[in-house]
Amino acid sequence: GTNGWVTMGFPSAKFEVDAKAAMKVAIDGAQKLYIYEGGLAFNGDTAPANSLDDYETGTWTPTVAGGSIEGSPTYTIQVGTYTKIGNKVHVEVYVKTSATGTAAGSVRINGLPFTSHSITSGYSTVNVGYAANLAILAGSNISGTCGPSRTYIGLENWDSTTGVSPLQITEWTADGAMIFSVEYTAA
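Heads up: the sequence shown begins at 1011 in our numbering, then just goes up one per residue.
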(Lines of atoms letter the chains of each structure in order from A and count residues from 1; the text may use other names and numbers.)
(Lines give C-alpha, C1' and ligand atoms only; values in the text may rest on other atoms or scores of the structure.)
Protein backbone atom coordinates (compact mmCIF):
# COMPACT_ATOMS: atom_id res chain seq x y z
CA GLY A 1 0.00 0.00 0.00
CA THR A 2 0.89 3.68 -0.23
CA ASN A 3 0.47 6.47 2.33
CA GLY A 4 -0.41 3.98 5.06
CA TRP A 5 -3.21 2.31 3.10
CA VAL A 6 -3.46 -1.46 2.78
CA THR A 7 -5.68 -2.53 -0.11
CA MET A 8 -7.04 -5.98 -0.78
CA GLY A 9 -9.02 -6.74 -3.91
CA PHE A 10 -12.12 -8.91 -3.99
CA PRO A 11 -14.08 -9.98 -7.07
CA SER A 12 -16.63 -7.16 -6.79
CA ALA A 13 -15.22 -4.85 -4.11
CA LYS A 14 -12.06 -3.35 -2.72
CA PHE A 15 -11.30 -3.50 1.02
CA GLU A 16 -8.96 -0.78 2.32
CA VAL A 17 -7.47 -0.11 5.75
CA ASP A 18 -5.72 3.18 6.65
CA ALA A 19 -3.85 2.92 9.94
CA LYS A 20 -1.94 6.23 10.14
CA ALA A 21 -3.55 8.29 12.92
CA ALA A 22 -6.70 6.23 13.01
CA MET A 23 -7.91 3.02 11.49
CA LYS A 24 -10.33 3.42 8.62
CA VAL A 25 -12.03 0.60 6.77
CA ALA A 26 -13.51 1.38 3.37
CA ILE A 27 -15.26 -0.82 0.85
CA ASP A 28 -15.22 0.44 -2.75
CA GLY A 29 -14.04 3.82 -1.46
CA ALA A 30 -16.94 4.25 0.97
CA GLN A 31 -15.81 4.50 4.58
CA LYS A 32 -17.65 1.92 6.68
CA LEU A 33 -15.67 1.91 9.94
CA TYR A 34 -13.50 4.55 11.60
CA ILE A 35 -11.60 3.83 14.81
CA TYR A 36 -9.93 6.84 16.45
CA GLU A 37 -9.26 8.34 19.88
CA GLY A 38 -12.92 9.50 20.05
CA GLY A 39 -14.28 5.99 19.68
CA LEU A 40 -15.80 3.92 16.92
CA ALA A 41 -17.76 5.54 14.07
CA PHE A 42 -19.71 4.04 11.19
CA ASN A 43 -20.58 4.81 7.55
CA GLY A 44 -18.46 7.94 7.13
CA ASP A 45 -19.83 9.72 10.21
CA THR A 46 -16.93 10.94 12.37
CA ALA A 47 -18.82 13.35 14.65
CA PRO A 48 -17.79 12.63 18.27
CA ALA A 49 -21.44 12.81 19.42
CA ASN A 50 -22.26 9.89 17.11
CA SER A 51 -19.26 7.73 18.00
CA LEU A 52 -19.45 4.65 20.19
CA ASP A 53 -16.96 5.47 22.92
CA ASP A 54 -17.78 3.06 25.72
CA TYR A 55 -18.66 -0.58 26.24
CA GLU A 56 -18.50 -2.29 29.59
CA THR A 57 -20.16 -4.95 31.69
CA GLY A 58 -20.07 -5.41 35.40
CA THR A 59 -21.85 -6.00 38.67
CA TRP A 60 -23.37 -3.61 41.16
CA THR A 61 -25.04 -3.97 44.53
CA PRO A 62 -28.73 -3.03 44.55
CA THR A 63 -30.14 -1.97 47.91
CA VAL A 64 -33.75 -1.67 49.01
CA ALA A 65 -34.30 1.67 50.71
CA GLY A 66 -37.13 3.81 51.96
CA GLY A 67 -37.77 7.17 50.33
CA SER A 68 -38.27 8.85 53.73
CA ILE A 69 -35.81 6.81 55.81
CA GLU A 70 -33.35 4.66 53.86
CA GLY A 71 -32.93 2.20 56.72
CA SER A 72 -30.61 -0.79 56.58
CA PRO A 73 -32.41 -3.87 55.24
CA THR A 74 -30.69 -7.26 55.35
CA TYR A 75 -30.65 -9.60 52.36
CA THR A 76 -30.74 -13.23 51.37
CA ILE A 77 -30.23 -12.35 47.67
CA GLN A 78 -28.67 -9.14 46.35
CA VAL A 79 -27.51 -9.35 42.72
CA GLY A 80 -27.12 -6.62 40.13
CA THR A 81 -25.49 -6.78 36.70
CA TYR A 82 -25.15 -4.17 33.97
CA THR A 83 -24.09 -3.65 30.37
CA LYS A 84 -23.25 -0.14 29.17
CA ILE A 85 -23.00 0.60 25.45
CA GLY A 86 -22.29 4.26 24.78
CA ASN A 87 -24.68 6.09 27.09
CA LYS A 88 -27.29 3.30 27.24
CA VAL A 89 -27.28 1.21 30.40
CA HIS A 90 -29.14 -2.09 30.82
CA VAL A 91 -29.38 -3.37 34.41
CA GLU A 92 -30.76 -6.62 35.80
CA VAL A 93 -31.65 -7.03 39.47
CA TYR A 94 -32.59 -9.86 41.80
CA VAL A 95 -33.09 -8.75 45.37
CA LYS A 96 -34.68 -10.52 48.33
CA THR A 97 -34.68 -9.11 51.83
CA SER A 98 -34.78 -10.94 55.15
CA ALA A 99 -35.68 -7.75 57.05
CA THR A 100 -36.43 -4.15 56.06
CA GLY A 101 -34.93 -2.64 59.21
CA THR A 102 -35.87 0.97 59.91
CA ALA A 103 -36.66 1.81 56.27
CA ALA A 104 -39.79 3.92 55.80
CA GLY A 105 -41.70 5.52 52.95
CA SER A 106 -41.78 4.53 49.29
CA VAL A 107 -39.52 1.71 48.04
CA ARG A 108 -36.40 2.65 46.13
CA ILE A 109 -33.76 0.41 44.66
CA ASN A 110 -30.56 2.36 45.24
CA GLY A 111 -27.05 2.07 43.83
CA LEU A 112 -27.49 2.18 40.04
CA PRO A 113 -24.04 1.89 38.46
CA PHE A 114 -24.40 5.22 36.58
CA THR A 115 -26.40 8.39 37.21
CA SER A 116 -29.27 8.80 34.74
CA HIS A 117 -29.38 11.72 32.28
CA SER A 118 -30.82 15.09 33.32
CA ILE A 119 -33.48 15.49 30.61
CA THR A 120 -36.62 16.92 32.23
CA SER A 121 -39.48 14.40 32.14
CA GLY A 122 -37.14 11.77 30.64
CA TYR A 123 -38.13 8.58 32.45
CA SER A 124 -37.22 4.95 31.77
CA THR A 125 -39.55 2.16 32.83
CA VAL A 126 -38.87 -1.00 34.79
CA ASN A 127 -39.79 -4.44 33.48
CA VAL A 128 -40.74 -6.59 36.50
CA GLY A 129 -40.55 -10.30 35.79
CA TYR A 130 -41.05 -11.65 39.31
CA ALA A 131 -42.25 -10.33 42.66
CA ALA A 132 -43.02 -12.31 45.80
CA ASN A 133 -44.01 -11.79 49.42
CA LEU A 134 -45.44 -8.33 48.86
CA ALA A 135 -48.41 -7.12 50.91
CA ILE A 136 -50.46 -5.87 47.97
CA LEU A 137 -53.99 -6.57 46.78
CA ALA A 138 -54.71 -9.39 44.36
CA GLY A 139 -54.81 -7.99 40.84
CA SER A 140 -52.09 -5.42 41.56
CA ASN A 141 -49.04 -5.02 39.35
CA ILE A 142 -45.61 -3.69 40.20
CA SER A 143 -43.67 -1.37 37.91
CA GLY A 144 -41.14 1.37 38.36
CA THR A 145 -39.24 4.25 36.83
CA CYS A 146 -35.78 5.73 36.67
CA GLY A 147 -36.15 9.50 36.42
CA PRO A 148 -33.74 12.31 35.56
CA SER A 149 -30.44 12.65 37.46
CA ARG A 150 -31.02 9.58 39.63
CA THR A 151 -28.99 6.69 40.98
CA TYR A 152 -32.11 4.84 42.11
CA ILE A 153 -35.29 3.26 40.79
CA GLY A 154 -38.68 4.13 42.27
CA LEU A 155 -41.20 1.27 42.42
CA GLU A 156 -44.94 1.69 41.81
CA ASN A 157 -47.98 -0.37 42.82
CA TRP A 158 -50.74 -0.45 40.20
CA ASP A 159 -53.71 -1.30 42.41
CA SER A 160 -56.96 -2.30 40.67
CA THR A 161 -58.98 -0.45 43.34
CA THR A 162 -57.11 2.79 44.01
CA GLY A 163 -54.89 3.18 40.92
CA VAL A 164 -51.15 3.83 40.90
CA SER A 165 -49.14 4.85 43.95
CA PRO A 166 -45.56 4.44 45.11
CA LEU A 167 -44.90 0.97 46.54
CA GLN A 168 -44.37 1.41 50.29
CA ILE A 169 -41.83 -0.36 52.50
CA THR A 170 -44.78 -1.72 54.51
CA GLU A 171 -45.98 -3.39 51.29
CA TRP A 172 -42.52 -4.84 50.53
CA THR A 173 -42.53 -6.90 53.77
CA ALA A 174 -39.53 -8.42 55.54
CA ASP A 175 -38.99 -11.22 52.99
CA GLY A 176 -40.02 -9.32 49.86
CA ALA A 177 -38.34 -10.27 46.59
CA MET A 178 -38.19 -8.94 43.05
CA ILE A 179 -36.47 -9.65 39.74
CA PHE A 180 -36.53 -6.86 37.17
CA SER A 181 -34.61 -5.03 34.48
CA VAL A 182 -34.44 -1.46 33.25
CA GLU A 183 -32.68 0.26 30.40
CA TYR A 184 -31.87 3.92 30.92
CA THR A 185 -29.70 6.68 29.48
CA ALA A 186 -26.66 7.66 31.54
CA ALA A 187 -25.62 11.25 32.11
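Each residue gets a CB set at the ideal place from its N, CA and C atoms; glycine is no exception.
- Beta-bridge analysis with DSSP links residue 1151 to 1168.
- Straight-line spacing of the CA atoms in residue 1148 and residue 1142 works out to 12 Å.
- Taking residue 1180 as reference, the option from 1197, 1144, 1034, 1042 with the minimal CA-CA separation is 1144.
- Residue 1152 and residue 1103 have their C-alpha atoms roughly 14 Å apart.
- Under the DSSP assignment, residue 1179 falls outside any beta strand (DSSP E), being part of the alpha helix (DSSP H) whose first and last residues are 1179-1182.
- With a contact defined as Cβ atoms closer than 8 Å, residue 1140 and residue 1108 miss out at about 17 Å.
- By alpha-carbon distance to residue 1131, the top candidate from 1160, 1121, 1078 is 1160.
- When DSSP states are grouped into helix, strand and coil, residue 1176 belongs to the strand group.
- Under the DSSP assignment, residue 1141 falls in the beta strand (DSSP E) whose first and last residues are 1134-1142.
- Per DSSP, the continuous beta strand (DSSP E) segment holding residue 1118 begins and ends at 1117-1120.
- Contact between residue 1126 and residue 1158 holds: CB atoms are separated by about 6 Å, below the 8 Å threshold.
- Listed in chain order, the non-local C-beta contacts of residue 1166 below 8 Å within the same chain comprise 1152, 1153, 1154, 1155, 1174, 1175, 1176, 1177, local neighbours out to five positions each way being set aside.
- When rounded, the separation of the alpha-carbon atoms in residue 1070 and residue 1101 is 9 Å.
- For a cut-off of 8 Å, the C-beta gap from residue 1113 to residue 1090 is around 18 Å, too long to register as a contact.
- Pairing residue 1136 with residue 1163 gives a Cβ-Cβ distance under 7 Å.
- Annotation for residue 1125: no beta strand (DSSP E) segment contains it, and DSSP assigns it neither H nor E.
- Checking the DSSP bridge columns, you'll see residue 1040 partnered with 1037.
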